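Residue numbers for the sequence shown follow the working numbering, beginning at 27 and rising by one.
Each residue gets a CB set at the ideal place from its N, CA and C atoms; glycine is no exception.
Model, not experiment: these values are computed from the prediction.
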Amino acid sequence: MSETLIEQTMISKLPNIGVNIFSTMSALAQQHKAVNLAQGFPDFSPSAELIQLVHEYMLKGFNQYAPLAGVRSLVEGLAEKTEKLYGAVYNPDTEITITCGATEACYTALTSILHAGDEVIIPEPSFDVYLPAIELSKAKPVFVPLTFPDFSYDWELIRSKITTRTKLIIINSPHNPTGSILTENDVVQLQKIVEEYPNVYVLSDEVYEHIVFDGKKHLSISSNPVLKERAFVIGSFGKTYHVTGWRLGYCLAPAKMMTEFKKVHQYNTFSPVAPMQFAIADFMKKPEQYESLPVFFQNKRDLFLSHIRESRWEVVPASGTYFQMLSYKNISDENDLEFAARITREFGLASIPVSVFYNDKTDHKLLRFCIAKKEETLLKAAEILCRI
Ligand code: GLN
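Structure follows, in structure tokens:
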């Protein structure tokens, strides 16, 4: 086929989407041998015991397809954990699916519920994973800013965007990239909306559920009985067990929603990697691991912040997640894309410019730094920040 014929016939379904900022900044970090606080992933090892379990399951022959919903012991363990933590009962037979990362869970939930012309309310800044699935479904994103500078939900504004076509509201708490978390009032306001609008569903991205600081509490949408009946609740084993590369997440939803979810999942991945699922199922029986995460990550955040206290960077308080946003408004007028690229090149520190999380590229002069790093990495980064 000639070049031009390919150009004429290979029509992009995602014309506005290119290589994402996480890959771009990681590549730039590598090129300049920069300290990489850009893409959100730990630079320390997961538990040796967990790795040993994977090894044992592989040697024992658990290397073939897992069932469609996921390995049974993991699905049951997750049902138990969700009931214990959030008082939410999900039926392991019909209401839980293990996915290839939370990314696949988001994609599958969105494509299984959205029809052409449906509207989806996306509070911004927003993680980049939702929009492509909305576009592929020929649905319409409706962007609503979180309030600035505290990044909370503005329920009046959200309500004003609801139409007869609104199908879904996306909630993400703890929130990437800002680190803000849902309040009791947010849950009440969202409940009122779904009670008033029977066509409106919720996608609740809770991948950082165990990374909440300062004694605050994660409010899962699953813990609200009204919202639970209308929500896809999405979680991540990658974040909880420091294994983002294993690509293991999950979705919880009422049976009617999960039936549609499973139809898409079945022909997308069928089921994710099996031996890791068996290993996590055993490992998660010890709650100490996830119970220790708030303090573990809070110590990292505090260490990082205590070493930049004397710098010109301004801290935007974060209540959770892998991330800490810093404002450079006292340092430079450059736009955040240019500034993030320049400090990677010139100072050897990579971050993520927050404007990429806004459809209209709103620039609050903020950069996002990943604090899920070894002490030495955080200290190196802090030392660089103090020089800027
Ligand atoms: N969730 C991670 C982040 O926000 C990584 C995302 C990705 O690489 N797609 O940095």
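For R394, the enclosing beta strand (DSSP E) has its first and last residue at 392 to 396. Counting only residues of its own chain and dropping the five nearest sequence neighbours on each side, N250 has a CB closer than 7 Å to the CB of V213, Q217. Taking C-alpha positions only, G127 is separated from T190 by approximately 32 Å.
Every alpha helix (DSSP H) of 4 residues or more that sits fully in the region 200 to 275 is shown, in chain order, as 210 to 222, 251 to 254, 263 to 266. DSSP places N62 in the strand class (E or B) of the three-state scheme.
Annotation: R335 to C277 spans about 40 Å, alpha carbon to alpha carbon. Boundaries of the alpha helix (DSSP H) around K107: 98 to 112. Close CB contacts of S52 within its chain, under the 7 Å cut and outside five residues either way in sequence, are with N62, A64, Q65 (chain order).
Scanning the region 293 to 363 from its first residue to its last, the whole alpha helix (DSSP H) runs of 4-plus residues come out as 300 to 309, 314 to 317, 319 to 332.
Within the same chain, Cβ atoms closer than 8 Å to the Cβ of A55 are found at V61, N62, A64, T370, A376, the five residues on either side in sequence being excluded.
Collapsing the DSSP output to three states places F169 in a strand.
In the displayed model, C132 falls within a helix according to three-state DSSP. Under the three-pair Cβ rule at 8 Å, the region 394 to 401 counts as touching the region 321 to 329. Annotation: T190 is outside any beta strand (DSSP E) and is labelled neither H nor E by DSSP.
C-alpha of P343 to C-alpha of M36: approximately 46 Å in a straight line. Assigned with DSSP and collapsed to three states, L76 falls in helix.
The criterion of a C-beta distance shorter than 9 Å is satisfied by E235 and G261. Here the alpha carbon of W339 sits roughly 6 Å from the alpha carbon of L352. By the Cβ test, the region 96 to 114 is not in contact with the region 154 to 163, since fewer than three Cβ pairs between them sit closer than 8 Å. Scanning its chain for C-beta atoms nearer than 6 Å, with the 5 sequence neighbours on each side dropped, one finds around F304 the residues Y83, F88, V97, in chain order. Here G205 is buried, its C-beta having at least 16 other C-beta atoms within 10 Å. In this structure, the alpha-carbon of S49 lies about 11 Å from that of I378. For P158, the enclosing alpha helix (DSSP H) begins and ends at 156 to 162.
Taking the CA atoms as reference points, V269 sits about 43 Å from L31.
A distance criterion of 8 Å places the beta-carbon of T129 in contact range of ligand 1, judged by its closest non-hydrogen atom.
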